[in-house]
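Chemist: Structure below; questions to follow.
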Amino acid sequence: MDNGYSIKDIISLLLSKLWLLIIVTIIGGAAAFCYSKFVMPLKYSSHISMYVQSYTGITENANQQNNISNSKQLVNTYMEVLKDDAVMNAVGDKLLTQFDADTLSKNFGMSDGKISPSSIRDCYSISSVQDTSAVKIVSTTKNAEVAAALCNDLTEVAPIYVEEAVGVGSINTIDRAKVYNSPVAPNMKKNAALGAMAALMLTCMIIFLIDFFDNTVKDTDSVADKFKKPIIGEIAAFGVEKKKKDSDEDEYVKLTDKSVPFNIVESYKSIRTNISFALSTVDKKIFSVSSANPREGKSTTSSNIAIALAQGGNKILLIDADMRKAVQHKVFGLKNKKGLSSAISKMCNLEECIHKNVMENLDVMTAGPVPPNPSELLASDNMGAILEKLSEEYSMILIDTPPVNVVTDAMELAKYISGIVVVLRYGVTTNEDAEDAIKKIEFAKMNMLGFIMNDIKMKKSGYYSSKYKGKYYYKKGYGYGGYGYGYYGSKPETSDDDTAEEVKEETVKKETSSTKTNNDSKNKNVKKKGKK
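Under the numbering used here, the first residue of the sequence shown is numbered 684, with each subsequent residue one higher.
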């Protein structure tokens, strides 16, 4: 929920829902048009004018201007008299002699064979003509002949009741109302326009209400400011086509899949760099990746961070510590008969529980069989001994841990790891969920390395939707949140003309240089051994 909306925020929000607004507007207009055409009854109208004449005994010397002025003063009084029930009943009696009961029942309310005066009154529109002493009478009913009869009958009975009620002046007419067979209602074009406008306004109101009360995380800047924690990276939404309805298998996307776009690869490289800098001052290069709640993408993110770290030339071990709901063996297509639970309980040798060379420089320890006490196993001395031993063999160890707000497994590793990364899912994780996760992490005295915003919705052009629209990814992707990490805490010193291709070429050159250096070192070692 935002504290306030600027004009730019309002326009961006509406543009992000543009297609919805267009579709709803069209549907609203079409619905109003169809309702007017097929449901609303046709109505016909007729009209007549009556003229008020004031007199106090008109003589040849009477001032005509005074008569007109007096007539104007009587108009409002006459209009009230014309709406009286007595006048309406008189009109109703005349209608009973002119039309059959079936026709009248379709146009008026009937009671005991009589027409109710209120239903007749509702058919009239009586108004004065400005700057004149004329009264205009318009009648509208479902029958054109009945509409004309209403006007003519009123002009016939009106003089009698006006004379009795007021006693001054007279009211006359010079013509009779005509029958007009062209319907005046419903106005389908007008109703369609009103329906479209109403649908548009209602949809806009709903959009603003939903956005106003939406407390999910959608902006990394606000997350960093609110929780005072760095943003390690931002990952746009990506993945494979939706699985078939009859399939029970989940789909996981690895960084090495051909379908993964270039900007996603670069996002993980940025995360790799930021994590490396965050752990550069500690001896134990062991950290965990978790999330506030399930289904926020922490397992997929963990596997892809491990792949990115391995691609950087480091020897990496990925441990699946989510023993309740193991995932990593599915991601990499591995067997899960032996794993972390087997190693901690000493049911198998440690080496047997590690899948070697799953990818170049990447080993994976799956979760193993589901134990009855996962939290106790992770908090045991055996777990600490295992990590101590493995840290001597690997450059970095990444542990995929269960959601922080669901179980305490991640906090049980506090004394064995150097930090934890929390994955937030765009538009799913709420601010309250993130706050609860931080409280639990701080209570366990774990080092919070930062957040990763996952599954950020993007436009096809590569720009973030909603508040991310117009924000080019590389501007934020290489930063570490601005909390005291030197170069990676500020904007890179590059010109505005730097493009994604230039960044890609620079990354490839660095990796090629690193690989070449490693190969040269290996060749030198081989030559030395040969000489010996």
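Heads up, the beta-carbon is just placed ideally off N, CA and C, and yes, glycines get one too.
Taking its Cβ as the centre, do 16 or more other Cβ atoms sit within 10 Å of K1158, making it buried, or is it exposed?
Modeler: Walking along the sequence shown from the start, residue 1158 turns up at place 475. Because K1158 carries a pLDDT of 34, less than 50, the predicted location of this residue cannot be relied on, and the following value inherits that uncertainty. Exposed is the call here.
Chemist: Determine the DSSP secondary structure at K998, reduced to helix, strand or coil.
Modeler: Taking the first residue of the sequence shown as 1, we reach residue 998 at position 315. Correct three-state label for K998: coil.
Chemist: Three-state secondary structure (DSSP) at Y727?
Modeler: Position 44 of the sequence shown, counting from 1, holds the residue named residue 727. Of the three classes helix, strand and coil, the one that applies to Y727 here is strand, per DSSP.
Chemist: Can you grab the Cα-Cα spacing for the pair F896 / I1124, in whole Å?
Modeler: As a position in the sequence shown, residue 896 is number 213, starting the count at 1. As a position in the sequence shown, residue 1124 is number 441, starting the count at 1. Roughly 27 Å between the two C-alpha positions.
Chemist: If you draw a straight line from the C-alpha of M733 to the C-alpha of I857, how long is it?
Modeler: Residue numbering aside, residue 733 sits at position 50 when the sequence shown is read from its first letter. Residue numbering aside, residue 857 sits at position 174 when the sequence shown is read from its first letter. When rounded, the distance between both Cα atoms is 8 Å.
Chemist: Is the Cβ-Cβ distance between I1137 and T984 less than 7 Å?
Modeler: Here residue 1137 refers to the residue found at position 454 of the sequence shown. Here residue 984 refers to the residue found at position 301 of the sequence shown. As written in the sequence, residue 1137 is Asn, which differs from the Ile given in the question. Cβ distance < 7 Å, so N1137 and T984 count as in contact.
Chemist: With a Cβ-Cβ cutoff of 7 Å, do S1101 and V965 count as a contact?
Modeler: Taking the sequence shown and counting its residues from 1, one reaches residue 1101 at position 418. Taking the sequence shown and counting its residues from 1, one reaches residue 965 at position 282. In contact: S1101 and V965 (Cβ atoms closer than 7 Å).
Chemist: Please identify the residue among Y1099, N759, S1078 and Y727 whose C-alpha is closest to the C-alpha of I963.
Modeler: Stepping through the sequence shown from its first residue, residue 963 is reached at position 280. First, the residue type needs correcting, since residue 963 is Ser and not Ile in the sequence shown. The shortest Cα separation from S963 among Y1099, N759, S1078 and Y727 belongs to S1078.
Chemist: When you compare the CB positions of E1095 and L1070, do they come within less than 7 Å of one another, or not?
Modeler: In the sequence shown, counting from the first residue as 1, residue 1095 sits at position 412. In the sequence shown, counting from the first residue as 1, residue 1070 sits at position 387. No, the Cβ-Cβ distance between E1095 and L1070 is not below 7 Å.
Chemist: In terms of residues, what are the limits of the alpha helix (DSSP H) holding K872?
Modeler: As a position in the sequence shown, residue 872 is number 189, starting the count at 1. Counting along the chain, the alpha helix (DSSP H) containing K872 begins and ends at M871 to F895.
Chemist: Taking its Cβ as the centre, do 16 or more other Cβ atoms sit within 10 Å of M884, making it buried, or is it exposed?
Modeler: For the purposes of this step, residue 884 is identified with residue 201 of the sequence shown, where counting begins at 1. Exposed: under 16 other Cβ atoms inside 10 Å.
Chemist: Jot down the residue ranges of each uninterrupted beta strand (DSSP E) in the segment 1048-1104, minimum 3 residues, whole runs only, in chain order.
Modeler: Entirely contained in the segment 1048-1104, the beta strand (DSSP E) runs reaching 3 residues are, in chain order, 1079-1083.
Chemist: Report buried or exposed for A784, applying the criterion of at least 16 other Cβ atoms within 10 angstroms of its Cβ.
Modeler: Position 101 of the sequence shown, counted from the start, is the residue given in the question as residue 784. Answer is exposed; the Cβ neighbour count stays below 16.
Chemist: Residues in its own chain within less than 8 Å of V849 by CB, not counting five upstream and five downstream?
Modeler: Walking along the sequence shown from the start, residue 849 turns up at place 166. The residues are L757, T760, Y761 and V764.
Chemist: If you reduce the DSSP assignment to three classes, tell me which class L980 lands in.
Modeler: For the purposes of this step, residue 980 is taken as residue 297 along the sequence shown, with counting starting at 1. Reading the sequence as shown, one finds Gly at residue 980 and not Leu. Coil, per DSSP.
Chemist: Out of Y688, E846 and T1112, point me to the one whose CA is closest to I1135's CA.
Modeler: Here residue 1135 corresponds to residue number 452 of the sequence shown, with the count starting at 1. Of the listed residues, the one whose Cα sits closest to I1135 is T1112.
Chemist: When you compare the CB positions of I1103 and S982, do they come within less than 7 Å of one another, or not?
Modeler: Sequence index remark: in the sequence shown, residue 1103 carries index 420 (1-based). Sequence index remark: in the sequence shown, residue 982 carries index 299 (1-based). Going by C-beta atoms, I1103 is not nearer than 7 Å to S982.
Chemist: Start and end of the alpha helix (DSSP H) containing N946?
Modeler: Locating residue 946 in the sequence shown gives position 263, counting from the first residue. Counting along the chain, the alpha helix (DSSP H) containing N946 begins and ends at F945 to A961.
Chemist: From which residue to which residue does the beta strand (DSSP E) around L848 run?
Modeler: The residue labelled residue 848 in the question sits at position 165 within the sequence shown. Position check: residue 848 holds Ala in this sequence, whereas Leu was assumed. Counting along the chain, A848 falls outside any beta strand (DSSP E), though it belongs to the alpha helix (DSSP H) covering A827 to A848.
Chemist: Taking the alpha carbon of D768 as the point to measure from, which residue in D805, L779 and K998 has its own alpha carbon closest?
Modeler: The sequence position of residue 768 within the sequence shown is 85, counting from 1. Of the candidates D805, L779 and K998, the one whose C-alpha sits nearest the C-alpha of D768 is D805.
Chemist: Taking just the CA atoms, how far does Y727 sit from T886?
Modeler: Within the sequence shown, numbered from 1, the residue matching residue 886 stands at position 203. Within the sequence shown, numbered from 1, the residue matching residue 727 stands at position 44. Rounded to the nearest angstrom, the two C-alpha atoms are 35 Å apart.
Chemist: Excluding the five sequence neighbours on either side, which residues of its own chain have a C-beta within less than 8 Å of the C-beta of E1034, listed in chain order?
Modeler: Numbered from its first residue, the sequence shown carries residue 1034 at position 351. Excluding residues within five positions, none has a Cβ falling inside 8 Å.
Chemist: Determine the DSSP secondary structure at K691, reduced to helix, strand or coil.
Modeler: As a position in the sequence shown, residue 691 is number 8, starting the count at 1. It is helical.
Chemist: Should V774 and Y844 be called a contact, given that it needs their Cβ atoms to be closer than 7 Å?
Modeler: Indexing the sequence shown from 1 puts residue 774 at position 91. Indexing the sequence shown from 1 puts residue 844 at position 161. In this structure, Y844 does not lie closer than 7 Å to V774 by Cβ.
Chemist: I'd like to confirm the pairing. Which residues does DSSP put opposite N1137 in its beta bridges?
Modeler: Working through the sequence shown from its first residue, we reach residue 1137 at position 454. BP columns for N1137 point to R1108.
Chemist: From the DSSP output, read off the bridge partner residues of D1046.
Modeler: For the purposes of this step, residue 1046 is taken as the residue at position 363 of the sequence shown. DSSP lists L1000 as partners of D1046.
Chemist: With A919 as the anchor, note down where its beta strand (DSSP E) starts and where it stops.
Modeler: Stepping through the sequence shown from its first residue, residue 919 is reached at position 236. Segment I914 to A919, the beta strand (DSSP E) holding A919.
Chemist: Excluding the 5 residues flanking A868 on each side, which residues of the same chain have their C-beta closer than 6 Å to its C-beta?
Modeler: Along the sequence shown, one-based indexing puts residue 868 at 185. Excluding positions up to five away in sequence, the list reads K726.
Chemist: Answer yes if the segment 1017-1034 comes into contact with the segment 1047-1056, meaning at least three C-beta pairs across the two stretches below 8 Å, and no otherwise.
Modeler: These segments touch.
Chemist: Do S1025 and C1031 have their C-beta atoms within less than 7 Å of each other?
Modeler: Here the question's residue 1025 lines up with position 342 in the sequence shown. Here the question's residue 1031 lines up with position 348 in the sequence shown. Yes, Cβ-Cβ distance for S1025 and C1031 is below 7 Å.
Chemist: Mind checking Y1163: buried by the 16 CB within 10 Å criterion, or exposed?
Modeler: For the purposes of this step, residue 1163 is taken as residue 480 along the sequence shown, with counting starting at 1. Here the model assigns Y1163 a pLDDT of 33, short of 50, so the residue's position is not dependable, and the following value carries that caveat. By the 10 Å Cβ count, Y1163 comes out buried.
Chemist: What would DSSP say about Y935, mapped onto helix, strand or coil?
Modeler: Working through the sequence shown from its first residue, we reach residue 935 at position 252. The answer is coil: DSSP assigns Y935 none of H, G, I, E or B.
Chemist: Using DSSP bridges, identify the partner residues of A868.
Modeler: The sequence position of residue 868 within the sequence shown is 185, counting from 1. BP columns for A868 point to K726.
Chemist: Considering Cα atoms alone, identify which of K1128, C1036 and K912 is closest to I1002.
Modeler: Reading the sequence shown from its first residue, position 319 is the one you call residue 1002. The shortest Cα separation from I1002 among K1128, C1036 and K912 belongs to C1036.
Chemist: Using the Cα positions of F716 and N870, report the straight-line distance between them to the nearest angstrom.
Modeler: Here residue 716 corresponds to residue number 33 of the sequence shown, with the count starting at 1. Here residue 870 corresponds to residue number 187 of the sequence shown, with the count starting at 1. Taking the straight line from one Cα to the other gives about 9 Å.
Chemist: Closest Cβ-Cβ distance between D1005 and chain D: below 7 Å?
Modeler: In the displayed structure, chain D is absent; only one protein chain is listed.
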